[in-house]
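Scroll down for the structure; my scribbles are underneath it.
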Amino acid sequence: MNIWRIAVKELLTFRDVRMLVFMLATPVLLMLIMGSMLSSAFNGSVAIGDIRVVYSDHSEDGSIGANWELWLSQSGTEHMVFERFEGSDSEAMEGVRDGRYSGYAALKQSGVHYYGNSRSSVENSMVSGVLSAFADRYRLSLAGAAPEPESMVQGSYVKETSLQGSHMPGAMDYFAIAVTTMIILYSAATAGNLIDSERTRNTATRLLASPISKGEIFVGKILGTMVLHAGFVAIIMLISKYMYDANWGDNLPMVGLVLLSEIAFALSLGLGISYIVKGKASGIVVMTIIQLACFFGGSYYRIEDNGDLVSKLAPYSPLTWSNEALLDIIYGGETGTAITASALNLGVAVVMLLIAAVMMRRREGL
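Numbers 52 to 417, taken from this note's numbering, label the letters of the sequence shown in order.
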């Protein structure tokens, strides 16, 4: 009961207008600015050097495949990689939908059936040009071997089919997630004041004199602050959804689990460091951690896995855990990464809270 009373008191006595503005106005403006200015970065396609096409030979005698491989060895298709696929057509097309391949060419007696990803229109046009050139050459070889018109393949020899790729986030969708998780992490900067505020208002002594244990004070203040920040996050999600049409998916319970676990992580991080590092230095340490986590976690721009230093350090940012988990839930329907991210967040939170609790017990006051 005492814990509940302290948590409610923490909610009712909230008067920090600057924090209220920061938690609500800042993310809304950041979503608008970054979602608008960086929208072009989310409308691109696969780089030219990354065009990868798989093919399979379905002809009875393998003649089309032999002609195709001869054509590849002589044509010198620069910036394109063609690989023979040993699996089924459905497996190859699934790889195209997932973005593992730019396209799939099925070499059949009736013609070349090309399946391209709907998100890679430029690459599809380039590959179709190569396939058309091969088709023209193959027509000539057929004409030389069988001059009778009825033996020649009639009509278009290359048939192209567009496969709908997996839905990917737009700029506003991505930054709605990235900015929300970033703002949650910034709450670590205020978590250090949970106990310091009682000392500043000279209420710490009265709390200790009351029939309430340090543990109840500690847990009550954390729970109250968690509920407060959860309310902020819910408002941010509603604003981004109905003002910017951001996509938060259909599995809101799992989305909420990831966000709540990050709130617990951020509050425990700030509180734990405030006990480990004394004075104003704790605030500097917390802000340094926040800035590094935001930079390497993709809060300001989307991190591409291109082998550079930023992409190598990105997996160590707590924001990367949360952002990837949310993207997998919303756009892939997968919950495995969400459970992993939540477990990591809560695991770190428990460790930091234990450190803070032990150090609080050793102090004479709060």
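Note that beta-carbon positions come from the ideal geometry of N, C-alpha and C, so glycine has one too.
Note that the structure is predicted; figures quoted are calculated from it, not measured.
Assuming SER393 and LEU320 are in contact, meaning their beta carbons sit under 8 Å apart, how far apart are those beta carbons, in whole angstroms? SER393 to LEU320, Cβ: 15 Å. No contact.
Which of helix, strand or coil DSSP assigns to PHE133: strand
Return the CA-CA distance between TRP372 and THR388, expressed in angstroms with no decimal places. 8 Å
Extent of the continuous beta strand (DSSP E) to which ASP359 belongs: Taken as a continuous stretch (DSSP letters only), ASP359 belongs to no beta strand (DSSP E), as it is neither H nor E.
Could you check where the alpha helix (DSSP H) with ARG413 kicks off and where it finishes? 387-413
DSSP state of LYS159 mapped onto helix, strand, coil: strand
Does the segment 365-380 come into contact with the segment 331-348, if we say contact requires no fewer than three beta-carbon pairs (one atom in each stretch) closer than 8 Å? yes
Apply the 10 Å Cβ neighbour rule to ALA76 and answer buried if 16 or more other Cβ atoms are within range, or exposed otherwise. exposed
Pull up the distance between the alpha-carbon of TYR237 and that of ALA222, whole angstroms please. 22 Å
Do you know offhand how far TRP119's Cα is from GLY138's? 18 Å
Evaluate ASP108 with the Cβ neighbour count: other Cβ atoms within 10 Å of its Cβ, from every protein chain shown; 16 or more gives buried, anything less gives exposed. buried
Start and end residues, beta strand (DSSP E) containing ILE102: 102-108
Whose C-beta lies closer than 6 Å to the C-beta of VAL284 among residues of the same chain, with five residues either side of it excluded? LEU310
Same chain, Cβ closer than 8 Å to VAL178, neighbours up to 5 away in sequence not counted: ILE102, VAL104, MET131, SER153, GLY154, ALA156, TYR165, GLY167
Between VAL59 and ILE273, what straight-line distance do the alpha-carbon atoms span, to the nearest angstrom? 11 Å
How should THR87 be labelled, buried or exposed, when 16 other C-beta atoms within 10 angstroms of its C-beta is the threshold for buried? Going by the sequence as given, residue 87 is Ser instead of Thr. Classification of SER87: exposed, given that the 10 Å Cβ count is below 16.
Hey, GLY323 and ILE406: beta-carbon distance below 9 Å or not? yes
Buried or exposed by the 16-neighbour rule on C-beta atoms within 10 Å, applied to PHE291: Reading the sequence as shown, one finds Ser at residue 291 and not Phe. The residue in question, SER291, is buried, as its Cβ has 16 or more Cβ neighbours within 10 Å.
Can you give the Cα-Cα distance for VAL68 and MET74, rounded to whole angstroms? 10 Å
Once the 5 residues before and after GLU267 are set aside, which same chain residues still bring their CB inside 8 Å of it? ASN53, ILE54, ILE57
Residues of its chain near ALA344, where Cβ-Cβ distance is below 7 Å and the 5 sequence neighbours each way are ignored: LEU236, SER368, PRO369, LEU370
LYS329 - containing alpha helix (DSSP H), residue span: Element bounds for LYS329: n/a, residue is neither H nor E.
For MET294, the nearest candidate out of MET82, GLU355, VAL401 (CA to CA): MET82
Within 10 angstroms of the Cβ of SER141, are there 16 or more other Cβ atoms? Answer buried if so, exposed if not. exposed
Within its chain, find whatever has a CB closer than 6 Å to the CB of MET403; leave out the 5 residues flanking it on each side and keep chain order. SER319, LEU320, GLY323
Reducing DSSP to helix, strand and coil, say where GLY300 ends up. coil
What whole-angstrom Cβ distance do MET11 and ALA240 have, given they're in contact under 8 Å? The requested residue 11 does not occur in the structure, where the chain is confined to residues 52 to 417.
Going along the chain, which residues of its own chain have a beta-carbon closer than 8 Å to the beta-carbon of THR231, five neighbours each way excluded? PRO78, VAL284, ILE287, MET288, SER291, LEU310
Is it buried or exposed, PRO304, if we count other Cβ atoms within 10 angstroms and call 16 or more buried? exposed
Taking ALA242 as the reference, which of VAL336, SER264, SER176, GLY150 has the closest Cα? VAL336
So what does DSSP say about GLY154, is it helix, strand or coil? strand
May I ask you to report which of helix, strand or coil DSSP gives ALA197? Its pLDDT being 46, under 50, ALA197 is placed unreliably by the model, and the measurement read from it follows with that caveat. It is coil, neither helix nor strand.
Could you tell me the distance, in whole angstroms, from the CA atom of ARG412 to the CA atom of LYS265? 7 Å
Boundaries of the alpha helix (DSSP H) in which ILE286 is found, first to last residue: 265-294
Kindly examine the ligand COA and report whether one of its heavy atoms sits closer than 8 Å to the Cβ of HIS280. Because no ligand of any kind appears in the structure shown, any question about the ligand COA cannot be addressed here.
Between PRO220 and LEU378, how many whole angstroms is the CB-CB distance? I'm expecting something under 8 Å. 7 Å
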